[in-house]
Amino acid sequence: MNISRNFFLFLSENKLLNHAAKKWGLRLGASKVVAGTTIESAMKTIAGLNEAGLACTVDRLGEFVTDKQEALEAGQYCINTLHAIHEWKVDCHLSLKLTQLGLDIDKNLCMNNMRSIVQTANQYDIYVNIDMEDYSRYQTTLDILFALRKEFDNVGTVIQSYLYRANEDIDHLQGVPLRLVKGAYKESADVAMQEKADIDKNFLHLIKKHLSHGSYTAIATHDHEIIEQVKAFVHENQIAYHSFEFQMLYGFRHDLQQQLANEGYRVCSYVPFGNDWYGYFMRRLAERPQNIKLAVKSMLSN
Ligand code: FAD
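Residue numbers for the sequence shown follow our numbering, beginning at 869 and rising by one.
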């Protein structure tokens, strides 16, 4: 792991800066990768992406909430977002983070919040994806997912290929729609692979495994080499196009997203919005040094 990645991951967890950034509005170039701060601005962006042939998942940014009232408000905001998806008739599902909904305060509060959200989504036939956060919340996230899936089938989660236990966990998640990713957090070598080559190898292995189980698979990556290998695998194994999708973040590799959609693949763009953009944006800077240039350029022009 290089120094700049460590530095931006460290910044992403800074609570003071996180708090301050909520008042700044979208800065540092964040407006290029965050679809505004309101539900309306997000819906407009999503409608435009749908028109171009891209499906979407929308995330009202927020994480690490420690205040009960804030967690309840975040739950209500997710429900309002579901109403908007329904009213705007957009091709879009919901992504959310459990620490926004009270996971760090009280597991039951979080579970009740989630139940209301998934139930509302179910009435509208909208799928809800639980984003995976850092390893300290991993098992609780899976526990909440399994509890919800006893009542609803419109909910799934994310498995990170950097985790050693991912390979075993995915066997218990057969039939559950999953987003597969490499993993965005700074994890210790006790639980996660540290070498890119190992993470990439496991990523491809997990993708092939979940697809071969016949379970819906969202392949979330900007890595064109992985995407090419997935394309070859689905063709060789005659895997139906409706059983998987490629996912990329809004504002990243738009040409590649469009190209895949034009080739007939389902592509889903992850559209974040809201004023809690700081942690999300810092993780994107950590992932790719080129993104830092974008931020510096934007700072100089302000
Ligand atoms: P990388 O390993 O970062 O890059 C591989 C190669 O791809 C690069 O060397 C370069 O050649 C090319 N490349 C990458 N980005 C670009 C670019 N912007 N432009 C041009 N070339 C590029 N992580 C979690 O931990 N939990 C989650 O819930 C989660 N959800 C996600 C949802 C989506 C839709 C996506 C796309 C990612 C999500 N992530 C999540 C983040 C993920 O774990 C990775 O940290 C992130 O996607 C970076 O890895 P990568 O696979 O895109 O490629």
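We put the CB at the ideal spot given by N, CA and C, even for glycine.
Source: prediction; values computed, not measured.
Could you say which of V986, A1060, Q944 and K1054 lies nearest to Y1032 if we only look at CA atoms?
When each option's Cα is compared against that of Y1032, the closest is A1060.
What three-state label does DSSP hand Y1138 in the structure shown?
In this structure, Y1138 counts as strand in the three-state DSSP scheme.
DSSP beta-bridge partners of E1055
Residue pairing of E1055 in beta bridges, as defined by DSSP: absent, with no partner found.
Between the beta-carbon of Y1084 and the beta-carbon of S1056, is there less than 9 Å?
For Y1084 and S1056, no; Cβs fall outside 9 Å.
Measuring CB atoms only, is the segment 903–922 touching the segment 956–970, in the sense that at least three cross pairs come out at less than 8 Å?
The segment 903–922, when compared against the segment 956–970, does touch it at the 8 Å Cβ threshold.
Specify, as a first and last residue, the run of the beta strand (DSSP E) that R928 falls within.
Counting along the chain, the beta strand (DSSP E) containing R928 begins and ends at A923 to R928.
Run the proximity test for G1051: is its beta-carbon closer than 8 Å to any non-hydrogen atom belonging to ligand 1?
Yes, since a heavy atom of ligand 1 falls inside the 8 Å radius drawn around the Cβ of G1051.
Taking the alpha-carbon positions, what's the M1167 to A1086 distance?
Low local confidence applies: a pLDDT of 49 at M1167 is under 50, so the model's placement there is unreliable, with the coordinate-based value given in what follows. Their Cα atoms are separated by approximately 34 Å.
DSSP has E1155 in a bridge; who is on the other side?
Under DSSP, E1155 takes part in no beta bridge, so it has no partner.
Tell me the rounded alpha-carbon separation between F1114 and N980.
Using only the alpha carbons, I get a separation of about 31 Å.
Counting only runs that start and end within the segment 905–968, where is the beta strand (DSSP E) found for 3 or more residues in a row?
The beta strand (DSSP E) runs of length 3 or more contained entirely in the segment 905–968 are, from start to end of the chain, 923–928 and 960–964.
Quick check on the DSSP output: what are the complete alpha helix (DSSP H) runs of length 4 or more inside the segment 1034–1094, in order along the chain?
The segment 1034–1094 contains these whole alpha helix (DSSP H) runs: 1034–1039 and 1064–1080.
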